[in-house]
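What follows is a single structure, written as C-alpha cells, with notes after it.
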C-alpha cells in the first residue's frame, strides 16, 4: 500500500493532537533541512491549562498554521478552547472517519497519523460553534433541564395528591398557582379541614369553593405532607 509520503504536501507546518483525559500527545510536522524529507517532533503535555498553553506556544514557535484533533468525548474541548485563542486553523475530526483512511503503519502514533493526514488535506473537519453560540447553548441546555425538573416535581405533587385522594386538579386549572400553593402549604403545615383549605382560594377560584371543599376532602397523611413539602421546596429553587 502506498505511503502518504508520495502525496502532495498542502500544509507545510501543521500539528496533530491525540487527546486523553489527563494528557495530550502532540506531533508537529515541518519541512526538513533538505526541503524534501518531512521532519516530525512529538511531545506529551498534561491536560492542565498551563501545559496546554505551553503546547500552543510550542506550536507558534514551530510556525504551525493548522492543528487537528479527534472528537474524544469532551476531553477535546479544553484543548480546543486554548488553541482557538491563537491564530491556528483548527480541525475537529470524527474518529471513525480517520480509521477508514488507508496507509497507516501499526507503529505510528495517533498524533503523528493525524498530523500526516492533515498535511495532505485528507481530513474533513466537523462544525464547532463559535464561543458566543457555545455559551448560549450551555445556558439554554441548563434552562431546559431546569424546566424538565420543575415539570417532574409538579407531576410528583399531582401523583401524591392523587394517592391521598385530594382532587385539587379537578377544580383548579393550576395546582401550583397562587391558590393551589397556599392550599398545599397549609396541607404541609398540618391543616386538614376542607372548609379551611377551600377558603384559601383567590380570585376567580373563589367561585368554586363548594367544589374545592369536596376536592380537598381526602386521606392526606403525614408522609404525603413530607413528600409535597420536599417538592415545593425544590420547585422554589428552580
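Numbering (this note's numbering), first residue to last: 267 to 504. C-beta atoms are modelled at their ideal positions from N, C-alpha and C, and glycine is treated no differently.
| task | Sort 332, 493, 441 and 428 by Cα distance to residue 390 and report the nearest one. | result | 332
Self-check item: Start-end ranges of the beta strand (DSSP E) lying completely within the stretch 299 to 375, minimum 3 residues
Solution: Within the stretch 299 to 375, the beta strand (DSSP E) runs of at least 3 residues that lie entirely inside it are, in chain order, 304 to 312, 332 to 336 and 355 to 359.
Margin query: Pop quiz: residue 485 and residue 451 are said to be a contact at Cβ under 8 Å. What is the actual Cβ separation, rounded to whole angstroms?
Written below: Not really, about 19 Å apart at Cβ, beyond 8 Å.
| Is it true that the stretch 287 to 307 meets the stretch 351 to 370, where meeting means three or more beta-carbon pairs spaced less than 8 Å apart? | no
From residue 373 to residue 357, what distance separates their C-alpha atoms? Per-residue confidence for residue 373 stands at a pLDDT of 48, beneath the threshold of 50, marking its modelled position as unreliable; the derived number appears in the next sentence. Distance between the alpha carbons of residue 373 and residue 357: 24 Å.
Assuming residue 294 and residue 307 make a contact with CB atoms under 8 Å, what is their CB distance in whole Å?
-> Right, their Cβ atoms sit about 5 Å apart.
Among the residues of its own chain, which have a CB less than 7 Å from the CB of residue 320, if the five just before and after it don't count? So the qualifying residues of the chain are 311.
DSSP beta-bridge partners for residue 292?
Per the DSSP secondary-structure output, residue 292 pairs in a beta bridge with 283 and 309.
query = Do residue 427 and residue 449 have their CB atoms nearer than 8 Å?
reply = no
Name the two residues that bound the continuous alpha helix (DSSP H) containing residue 502.
-> 488 to 502
Between the stretch 409 to 422 and the stretch 374 to 386, can you find at least three pairs of beta-carbon atoms closer than 8 Å? Output reads no: the stretch 409 to 422 does not touch the stretch 374 to 386.
Rounded C-beta distance between residue 281 and residue 299? I'm assuming under 8 Å.
Contact doesn't hold; Cβ gap of about 19 Å is too wide.
Item to complete: Would you please state the rounded distance, in angstroms, between the beta carbons of residue 466 and residue 445? I believe it to be under 8 Å.
Response: Their Cβ separation, rounded to whole angstroms, is 6 Å, which keeps residue 466 and residue 445 in contact under 8 Å.
Grouping DSSP H, G and I as helix and E and B as strand, with all else coil, what is residue 297?
If DSSP states are grouped into helix, strand and coil, residue 297 belongs with the strands.
Quick check: residue 477 and residue 441, are their CB atoms within less than 8 Å of each other?
No, Cβ-Cβ distance for residue 477 and residue 441 is not below 8 Å.
**Element boundaries [alpha helix (DSSP H), containing residue 463]** = 460 to 464
| What did DSSP end up calling residue 476 once you bin it into helix, strand or coil? | If DSSP states are grouped into helix, strand and coil, residue 476 belongs with the helices.
In its own chain, which residues sit with a C-beta less than 6 Å from the C-beta of residue 275, not counting the 5 before and 5 after it?
385
Go ahead and pull the three-state DSSP assignment for residue 444. helix
Q. Would residue 268 be called buried (16 or more neighbouring beta carbons within 10 Å of its own) or exposed?
A. Low confidence applies here, because residue 268 scores a pLDDT of 44, under 50, leaving its location unreliable and the question unanswered by this model.
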